[in-house]
């Protein structure tokens, strides 16, 4: 998985969930978000606006 930030491609190495995550809070957390300050992943409501990541094949 790669993270595109400020036109620089970084390899995202760390992929652990935050404590007690994923928990699908209220049954509505089908997306994920990375929390840099905690260096972990959280499941989140997909209607919450965030930056995004995607996968793309090499050109």
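Residue numbers (mature numbering (1 follows the signal peptide of the UniProt record, and there is no 0)): -18 to -1, 1 to 41. All C-beta atoms in this analysis are idealised placements derived from N, C-alpha and C, irrespective of residue type, glycine included.
Q | Cβ-based neighbour list, residue 32, same chain, cut-off 6 angstroms, excluding 5 preceding and 5 following | A | 15
TODO: Along the beta strand (DSSP E) that carries residue 14, what are the first and last residues, could you check?
DONE: 13 to 17
Review point. Going straight from the alpha carbon of residue 38 to that of residue 8, what length do you get?
Key: 32 angstroms
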